[in-house]
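One line per chain: the protein sequences are U and A, in this order. For what it's worth, my numbering labels the leading residue of the first sequence as 1, then goes sequentially. For what it's worth, my numbering labels the leading residue of the second sequence as 1, then goes sequentially. All C-beta atoms in this analysis are idealised placements derived from N, C-alpha and C, irrespective of residue type, glycine included.
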Amino acid sequence: MIILDRENRDAITDRETYIGGLLQQAENQPLWWQGNLRQLVAETRRRGGKRVAALHLPTKKDEEWRFTDLTELYQNNWHYATPSQLNPEALAEFILPPTNHSRLVLVNGYYQPQLSDVSAVTTDVAYLGNLGGLGEEEINKIASYLAKEESEDGDIFAALNSAGLVDALVVWVKANHTVSLPLHLLHITVTDTSPRWSQPRILVVVEENSVCELIEYYGVINSPGCSYIPTGKCYYFNNAVTEVYLKDNARINHSRIQMESGDSFHIAKTAIYQFSHSHYTLNEISLGGKLYRHNLKVYQKGEQTETFLYGLTLLQGKQLGDTHSEVNLNHPHGLVNQLHKYIIDDAATGVFNGKIRVPKTAQLTNASQLNRNLLLSPRGKINTKPELQITADNVKCTHGATVSQLEAEEVFYLRSRGLSEEMSRHLLIDAFAAEVLDKIPLDSLRQRLRQCFTCRT
Amino acid sequence: MSNTILEIKNLKAAVEGVEILRGVNLEIKAGEVHAIMGRNGSGKSTLSKVITGHPDYEVTEGEIIYLGENLLEKAPEERALAGIFLAFQYPIEIPGVSNLDFLRVAYNNRRKHLGLEELDAFDFEDLVMEKLQLVKMDASFLERSVNEGFSGGEKKRNEILQMALLEPTLAILDEIDSGLDIDALKIVAEGVNQLRKPDNAFLLITHYQRLLNYIVPDVVHVMSRGRIVMSGDKNLALELEAKGYDFLDEEEKLTVV
Numbered sequence: 001m002i003i004l005d006r007e008n009r010d011a012i013t014d015r016e017t018y019i020g021g022l023l024q025q026a027e028n029q030p031l032w033w034q035g036n037l038r039q040l041v042a043e044t045r046r047r048g049g050k051r052v053a054a055l056h057l058p059t060k061k062d063e064e065w066r067f068t069d070l071t072e073l074y075q076n077n078w079h080y081a082t083p084s085q086l087n088p089e090a091l092a093e094f095i096l097p098p099t100n101h102s103r104l105v106l107v108n109g110y111y112q113p114q115l116s117d118v119s120a121v122t123t124d125v126a127y128l129g130n131l132g133g134l135g136e137e138e139i140n141k142i143a144s145y146l147a148k149e150e151s152e153d154g155d156i157f158a159a160l161n162s163a164g165l166v167d168a169l170v171v172w173v174k175a176n177h178t179v180s181l182p183l184h185l186l187h188i189t190v191t192d193t194s195p196r197w198s199q200p201r202i203l204v205v206v207e208e209n210s211v212c213e214l215i216e217y218y219g220v221i222n223s224p225g226c227s228y229i230p231t232g233k234c235y236y237f238n239n240a241v242t243e244v245y246l247k248d249n250a251r252i253n254h255s256r257i258q259m260e261s262g263d264s265f266h267i268a269k270t271a272i273y274q275f276s277h278s279h280y281t282l283n284e285i286s287l288g289g290k291l292y293r294h295n296l297k298v299y300q301k302g303e304q305t306e307t308f309l310y311g312l313t314l315l316q317g318k319q320l321g322d323t324h325s326e327v328n329l330n331h332p333h334g335l336v337n338q339l340h341k342y343i344i345d346d347a348a349t350g351v352f353n354g355k356i357r358v359p360k361t362a363q364l365t366n367a368s369q370l371n372r373n374l375l376l377s378p379r380g381k382i383n384t385k386p387e388l389q390i391t392a393d394n395v396k397c398t399h400g401a402t403v404s405q406l407e408a409e410e411v412f413y414l415r416s417r418g419l420s421e422e423m424s425r426h427l428l429i430d431a432f433a434a435e436v437l438d439k440i441p442l443d444s445l446r447q448r449l450r451q452c453f454t455c456r457t
Numbered sequence: 001m002s003n004t005i006l007e008i009k010n011l012k013a014a015v016e017g018v019e020i021l022r023g024v025n026l027e028i029k030a031g032e033v034h035a036i037m038g039r040n041g042s043g044k045s046t047l048s049k050v051i052t053g054h055p056d057y058e059v060t061e062g063e064i065i066y067l068g069e070n071l072l073e074k075a076p077e078e079r080a081l082a083g084i085f086l087a088f089q090y091p092i093e094i095p096g097v098s099n100l101d102f103l104r105v106a107y108n109n110r111r112k113h114l115g116l117e118e119l120d121a122f123d124f125e126d127l128v129m130e131k132l133q134l135v136k137m138d139a140s141f142l143e144r145s146v147n148e149g150f151s152g153g154e155k156k157r158n159e160i161l162q163m164a165l166l167e168p169t170l171a172i173l174d175e176i177d178s179g180l181d182i183d184a185l186k187i188v189a190e191g192v193n194q195l196r197k198p199d200n201a202f203l204l205i206t207h208y209q210r211l212l213n214y215i216v217p218d219v220v221h222v223m224s225r226g227r228i229v230m231s232g233d234k235n236l237a238l239e240l241e242a243k244g245y246d247f248l249d250e251e252e253k254l255t256v257v
């Protein structure tokens, strides 16, 4: 017993040392700015650092991480990514028409003005850029949105992102405007010869009565010759935080596409703050990552807010994909509609935990949540936990989860029409995926993702 | 060259270890329409599944020769591409796949197999509109998911539509009349009759003689306990309708005695 205790204590000490190392790297990041902005960033970092110090790195003993083992993440000796140069031609495969002139690009977490092009959106409609391009007045405004306490509550990774804050991508849509083109927020990781970690940071504020469509996209360009692992592919770790604010009567359609390399770790927080009569839709599509975890939090901060969360996760090989969502209602007449689908092949593992909180103040809530899982292999696994916490007494709430496999009769039906077994399976898998993919408003993106699902399964 | 399309010899088949077909013999020639009648559980539907290669059914003995080739060695899709079509008793619903896409994929796959050029979306739509007339289906069916939310009659008409597009050499219609009202039955039968040609053949599986008023068979077979126990012309169906299947039990008893 004594030996066990010592092992335990050693493990805890190890993790403390480990997070200490990451935090130190984060805190050692340069402060780029002057004046008010310098103060804002420094203060954000200080708060983030304090929160990191007060929390511990999660293990499977933590309820919220029971099914997601981060041991492998902790085994790596991560080095903070540095700004990297990228030729515009290298972007070609990520371009999504018609967003050619409404695109902001981050590489390894750093804003790339020379790769970004927002010429199609005028400055009286929206500010699109980084922290450094903001005017004094805007910096004062941003202080109440960036790194909100709730975005980091109990989340050591989100706090770590703030602790190393250097810059952020900012989308600020002014009141009473409709942004005519989708905004493509493109994050590219360029892998390096040593294992790197990046901390992309995005802040979106859509003011009263305004409308916009966002495409948040995580992609990778593998540089050849990572000698440190036998497969020649590069490990990397993205620790992303995106905060989105919808002011009264604002409307956002947000597609979040995670196409990281299969050798990467992707941990992300998306925090959504919705004020009254706002309307938020998320189309979350995740295909990449050796291990990914998406912590999605929605806060309804006014009456009659509407939240639609659609998700589709495709896992293969030994991937682990985890979505933890939490919707906090707090006002009357709130609406939540959530559908998250997993397609799990090989020996992959899916984790879904969806919380919807309906306190007494949220009477007349209409909430529905459904998690559907398609297991393609006997070794695939899903841990699912739909969770409604209701204390209000006049609400309409449903939740559920299903697990199925491809129906033999459906496959036979298609084969009897001359389709090969493989084609038949693909057609059925595509059909399962289509329900979520079809929600994506941007044609070019939807087409690309449809192909991805066909080719990867 | 013989004009035999299908020849089944002493076919025995089991599902989950239970023998269902216990020695079926059947020969179908080009231009013929055969009907198989019999009670529930007599093995009619099993026969259709075995001919089309359903993986749950295990052939334990006998053979099926289709156009001179051993059919049992072929995968279901190979049988389909070779011209065998099964109209399902219970057509499967496939949410998320549009009927039009499904029809095009199946049609072009068959064209490719025949060494013909695939039709593009526009030409295919023209073709499918023409075929829709055959089963009096509305174009809105094309936009819906395959069979999803279709009524029983709509599903059956959709099967005939697929058959019309794929132009099979041997079409097996498994209880195509079940769940159809008289108007829908006429539409389906009319569709089938228009597809009859000297070089193809049909195998109808049915409980009721009614269907055979509209699709007149050349040969009627009666199946009982996994065997074809009686064959005759269309009048056999009328006879069965009049006296029911009970006489089969009598005969069984007689043979046992």
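Item                                                                                                                          : Value
Any chain U beta carbon closer than 8 Å to Asn109 of chain A                                                                  : yes
Backbone CA spacing between Asn147 of chain A and Asn87 of chain U [nearest angstrom]                                         : 50 Å
Lys234 of chain A, enclosing beta strand (DSSP E) - first and last residue                                                    : Not the beta strand (DSSP E): Lys234 of chain A falls in the alpha helix (DSSP H), residues 234-243.
CB contact below 8 Å: Phe150 of chain A versus chain U                                                                        : no
The ligand FMN heavy atom lying under 7 Å from the CB of Ala268 of chain U                                                    : Annotation note on the ligand FMN: not contained in the displayed structure, which lists no ligands.
Secondary structure, beta strand (DSSP E): runs of 3+ residues fully inside the region 7-35 of chain A                        : 18-29
CB of Gly288 of chain U within 8 Å of CB of Ser325 of chain U, strictly                                                       : no
Cutoff 8 Å: Leu114 of chain A Cβ touching any chain U Cβ                                                                      : no
Presumed contact (8 Å Cβ cut-off) between Gln199 of chain U and Asn161 of chain U, rounded CB distance                        : 5 Å
Proximal residues to Leu180 of chain A (C-beta, below 8 Å), its chain only, five neighbours per side dropped                  : Gly152, Gly153, Lys156, Val188
At least 3 beta-carbon pairs within less than 8 Å: the region 248-266 of chain U vs the region 123-138 of chain U             : no
Every unbroken beta strand (DSSP E) inside the region 104-147 of chain U [3 residues or more]                                 : 126-130
Coarse secondary structure for Thr17 of chain U, derived from DSSP in three states                                            : helix
Any beta strand (DSSP E) of 3 or more consecutive residues that is wholly inside the region 257-324 of chain U                : 264-274, 279-286, 291-300, 306-315
Same chain only: Cβ atoms within 7 Å of Leu81 of chain A, ignoring 5 sequence neighbours per side                             : Arg110, His113
6 Å CB neighbourhood of Ala267 of chain A in its chain, flanking five on each side removed                                    : With chain A running from 1 to 257 in the structure shown, residue 267 of chain A is simply not present.
Rounded separation between Glu167 of chain A and Phe202 of chain A - CA only                                                  : 12 Å
Leu214 of chain U and His279 of chain U closer than 8 Å at C-beta                                                             : no
For Ala35 of chain A, the nearest candidate out of A:Ala242, A:Met230, A:Phe247, A:Lys243 (CA to CA)                          : A:Met230
Interface flag, Glu73 of chain A vs chain U, CB-CB below 8 Å                                                                  : no
Touching by the beta-carbon criterion (3+ pairs, under 8 Å), the region 52-65 of chain A and the region 2-12 of chain A       : yes
Of the residues U:Asp443, U:Ile285, U:Leu91, U:Gly109, the one placed nearest Pro83 of chain U, counting alpha carbons only   : U:Gly109
Euclidean distance between Cα positions of Leu165 of chain U and Leu309 of chain U                                            : 28 Å
Reference Leu119 of chain A, options A:Glu130, A:Arg104, A:Gln133, closest by Cα                                              : A:Arg104
Whole-angstrom distance between Leu131 of chain U and Leu31 of chain U, CA atom to CA atom                                    : 12 Å
Rounded straight-line distance, which links the Cα of His333 of chain U to that of Gln25 of chain U                           : 45 Å
DSSP bridge partner residues for Ser231 of chain A (one or two, in chain order)                                               : A:His221
Cβ-Cβ distance between Pro76 of chain A and Ser416 of chain U below 8 Å                                                       : yes
The region 88-110 of chain A: positions lying closer than 8 Å to chain U by Cβ                                                : Phe88, Pro91, Ile92, Ile94, Pro95, Gly96, Val97, Phe102, Val105, Ala106, Asn109, Arg110
Through-space distance from Ile51 of chain A to Asp322 of chain U, alpha-carbon basis                                         : 45 Å
Residues that Gly154 of chain U contacts on chain A, provided the C-beta gap is smaller than 8 Å                              : Ordered by position in chain A, no residue passes the 8 Å Cβ test against Gly154 of chain U, which lies about 38 Å from the chain.
Collapsed DSSP secondary structure at Leu31 of chain U in the structure displayed                                             : coil
Cβ contact (3+ pairs, closer than 8 Å) linking the region 39-59 of chain A and the region 369-385 of chain U                  : no
Of the residues U:Val179, U:Ala168, U:Asp167, U:Gly354, the one placed nearest Ala126 of chain U, counting alpha carbons only : U:Val179
Simplified DSSP state of Pro76 of chain A, which is helix, strand or coil                                                     : helix
Collapsed DSSP secondary structure at Asp138 of chain A in the structure displayed                                            : coil
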